[in-house]
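Participant: Residue numbers (my numbering), protein chains in the order written: chain A, 28 to 277; chain B, 592 to 856.
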């Protein structure tokens, strides 16, 4: 039996009168890359924000690495957050800090007694692995969209998380850079043994990076399975149009 | 947590509910500051950085404004005093006005415009670009790093800026007095120090601490609770200035009443 690192049951979340998640069930297994697809505003990002305690569910359960997120106290939640890496849609680099300071920020506040040399080695090693060793002293404003995404991923990897959450990793990027980001996502899993959830509406990214797909429609997962199981022969019109738009129209 | 007042269901009419939930949120924000200010980690490096930004980088504007205020107030007061042949009282009059009210008020209003708006816009922009969420998910405390440091910095630096403004305004005043009444620097400052009391200085410093705290906490609160993208950032910056200025005047009024009561006692 494969080990579950995330187990979601009957998760519900609404904002005012708008019901976003209506009883979501989902599992993430150790070492797998799970892609969550859905229209804009379908609640994909809400789902992973609940996972790291940025939002609270209205009902249902969300077990991450064996812990029910909504029941954790601040200290316990922070301990869990150290085991989860969150790559934001817009990278969310701290724009008043250099790349080095961006990467130092979570490291020095969470891991004590590191020498300056150790910190520099760790940062340089990660920048090497995302292919941007030269940008260590640059400001985020001097980086391209793709470079920001890479640095954002490197910053989350500095705490060596067990689970990676990617929120729209290829949004707003050109096809070549998208390909590079997809390669990076796969490389992260291999090098750091992470389990990942990739939130996207880019089917190329999904096909390239995901072991399993989960399509979120009307607040619930409509189809879950491998790419071949979910898409090419989809009977649901909405899933079919998703596939057609990505692989025929574009 | 990113859940805000508008996510809750209204109990009374929407506007009244919004007002009271906003008030409760603001109160909780202030309470959270006093709770977290004593909790490690202490971000000394960031506090010093903010002190530099708020204090040193405000000096040119404060210097110019203070100097002009000193000259203008002296020149405006001279005709009235000269009617009674009392222009020799100018240093006393100016020193009392500057130390008791104008120095703290002018400095606080300028700082509310320059510092308050910058804090509101900076934190607001961090909020809408998810930088605050990024801090939170990396198990660091964004409130401690962003809010506590900035509020401490404004609370420390505004009193220093006020003392500096007082000095610069008095120098401006001296320039005008010496040009018209031929008074030496020593005579001018002897008259200044004879006119102001210990209570004036203490109340001015305490008031400035209050103003500094207000500018910092309002700027941070507005920025921390901004929403709706770039429009929200602009609104946060604007609201930070307007709210801080409004509160500064209210506080000035309250402190004046208290000091007058102490003086009468």
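The beta-carbon is built from N, C-alpha and C at its ideal position, and this holds for glycine as well. None of these values were measured; they are calculated from a predicted model.
At a cut of 8 Å, does the stretch 656 to 672 of chain B reach the stretch 714 to 734 of chain B through at least three beta carbon pairs?
Facilitator: Touching, no, given that fewer than three Cβ pairs across the two stretches are closer than 8 Å.
Participant: DSSP state of residue 243 of chain A, grouped into three classes?
Facilitator: Here residue 243 of chain A sits in strand by DSSP.
Participant: What ranges does the beta strand (DSSP E) occupy inside the stretch 62 to 140 of chain A, keeping only unbroken runs of at least 3 residues that lie completely in it?
Facilitator: Counting only runs of 3 or more, we get 86 to 91 and 111 to 114.
Participant: Can you give the Cα-Cα distance for residue 611 of chain B and residue 619 of chain B, rounded to whole angstroms?
Facilitator: So the two alpha carbons sit approximately 12 Å from each other.
Participant: Suppose contacts are defined by Cβ-Cβ distances below 8 Å. Is residue 799 of chain B in contact with residue 733 of chain B by that definition?
Facilitator: Not a contact, by the Cβ cut-off of 8 Å.
Participant: What does a CB cutoff of less than 7 Å around residue 127 of chain A pick up in its chain, not counting 5 residues either side in sequence?
Facilitator: Here the set comprises 150, 163 and 164.
Participant: When we look at the beta-carbon of residue 144 of chain A and count the other beta-carbons within 10 Å, is it buried (16 or more) or exposed?
Facilitator: Residue 144 of chain A should be labelled exposed.
Participant: Give me the residue from A:99, A:113 and A:59 with the minimum Cα distance to residue 73 of chain A.
Facilitator: It is A:113.
Participant: For my contact list, residue 78 of chain A and residue 62 of chain A are in at a C-beta cut-off of 8 Å; report their separation, rounded to the angstrom.
Facilitator: Going by Cβ atoms, the distance from residue 78 of chain A to residue 62 of chain A rounds to 15 Å, so no, they are not a contact pair.
Participant: Considering Cα atoms alone, identify which of A:129, A:132 and A:247 is closest to residue 52 of chain A.
Facilitator: Closest by alpha carbon: A:247.
Participant: In chain order, what residues of the stretch 109 to 126 of chain A put their CB closer than 8 Å to some CB of chain B?
Facilitator: So the close ones are 109, 111, 113, 115, 116, 117, 119, 120, 121, 122 and 123.
Participant: On a Cα-Cα basis, can you pick out the residue from B:850, B:821, B:759 and B:703 that is closest to residue 746 of chain B?
Facilitator: Cα-wise, what sits closest to residue 746 of chain B is B:703.
Participant: Keeping to the same chain, check which residues put their C-beta closer than 7 Å to that of residue 675 of chain B; ignore five residues upstream and five downstream.
Facilitator: Excluding sequence neighbours, residue 675 of chain B sits near nothing in its chain.
Participant: Looking at the C-beta of residue 105 of chain A, does it have a partner C-beta in chain B at a distance below 8 Å?
Facilitator: Closer than 8 Å: yes.
Participant: Between the stretch 705 to 734 of chain B and chain A, which residues of the former have a C-beta closer than 7 Å to a C-beta of the latter?
Facilitator: Here the close residues are 720, 721, 722, 724, 725, 727, 728, 729, 730 and 731.
Participant: Which whole-angstrom value describes the C-beta separation of residue 130 of chain A and residue 153 of chain A, a residue pair presumed to lie in contact below a C-beta threshold of 8 Å?
Facilitator: Residue 130 of chain A to residue 153 of chain A, Cβ: 7 Å. Contact.
Participant: Taking 8 Å as the CB-CB cut-off, is residue 631 of chain B touching chain A?
Facilitator: No, residue 631 of chain B does not count as interfacial toward chain A.
Participant: Would you say residue 137 of chain A lies against chain B (beta-carbon separation less than 8 Å)?
Facilitator: For residue 137 of chain A, the answer is yes, since a Cβ of chain B falls inside 8 Å of its Cβ.
Participant: Consult DSSP for residue 45 of chain A and reduce its assignment to one of helix, strand or coil.
Facilitator: Looking at residue 45 of chain A - three-state DSSP - the assignment turns out to be strand.
Participant: When the cut-off is 8 Å and only beta carbons count, does residue 132 of chain A lie next to chain B?
Facilitator: Yes, its Cβ sits closer than 8 Å to a Cβ of chain B.
Participant: From residue 856 of chain B to residue 634 of chain B, what does the alpha carbon distance come to, in whole angstroms?
Facilitator: So the two alpha carbons sit approximately 43 Å from each other.
Participant: My output table needs one value for residue 270 of chain A: the three-state DSSP class, helix, strand or coil.
Facilitator: If DSSP states are grouped into helix, strand and coil, residue 270 of chain A belongs with the helices.
Participant: Given 8 Å as the limit, is there contact between the stretch 753 to 772 of chain B and the stretch 713 to 721 of chain B, that is, 3 or more CB pairs closer than that?
Facilitator: No, because fewer than three Cβ pairs between the stretch 753 to 772 of chain B and the stretch 713 to 721 of chain B fall closer than 8 Å, the two stretches do not touch.
Participant: Name, in chain order, the residues that DSSP records as bridge partners for residue 226 of chain A.
Facilitator: DSSP lists A:63 and A:194 as partners of residue 226 of chain A.
Participant: So if DSSP puts residue 34 of chain A in a beta bridge, which residue, or which two residues, is it bridged to?
Facilitator: In the DSSP output, where bridge partners are listed per residue, residue 34 of chain A has A:54 and A:90.
Participant: What would DSSP say about residue 258 of chain A, mapped onto helix, strand or coil?
Facilitator: Here residue 258 of chain A sits in coil by DSSP.
Participant: Run through chain B and tell me which residues come within less than 9 Å of residue 79 of chain A, C-beta to C-beta.
Facilitator: Ordered by position in chain B, the residues that pass the 9 Å Cβ test against residue 79 of chain A are 724, 727 and 728.
Participant: Give a yes or no on whether 8 Å exceeds the smallest Cβ distance from residue 186 of chain A to chain B.
Facilitator: Yes - at least one Cβ of chain B is within 8 Å of the one on residue 186 of chain A.
Participant: Give every residue of the same chain whose Cβ lies closer than 6 Å to the Cβ of residue 753 of chain B, excluding the five residues on either side of it in the sequence, and list them in chain order.
Facilitator: Result list for residue 753 of chain B: 694, 695, 698 and 799, in chain order.
Participant: Take residue 846 of chain B and list the residues in its own chain whose beta-carbon comes closer than 6 Å to its own, dropping the five residues that flank it on each side.
Facilitator: Excluding sequence neighbours, residue 846 of chain B sits near 798.
Participant: Name the residue from B:681, B:794, B:741 and B:812 whose alpha carbon lies nearest to the alpha carbon of residue 645 of chain B.
Facilitator: Answer by Cα proximity: B:741.
Participant: Can you round the beta-carbon distance between residue 185 of chain A and residue 134 of chain A to whole angstroms, since I take them to be within the 8 Å contact cut?
Facilitator: At roughly 5 Å, the Cβ-Cβ gap stays under 8 Å, so residue 185 of chain A and residue 134 of chain A are in contact.
Participant: Who are the near neighbours of residue 36 of chain A in its chain, counting only those whose CB is closer than 7 Å to its CB and skipping five residues on each side?
Facilitator: Closer than 7 Å at Cβ, skipping near neighbours: 52, 87 and 88.
Participant: For residue 179 of chain A, which of helix, strand or coil comes out of DSSP?
Facilitator: Three-state result, residue 179 of chain A: helix.
Participant: Between the C-alpha atoms of residue 224 of chain A and residue 826 of chain B, what's the straight-line distance to the nearest angstrom?
Facilitator: If I take the Cα positions, the gap works out to 35 Å.
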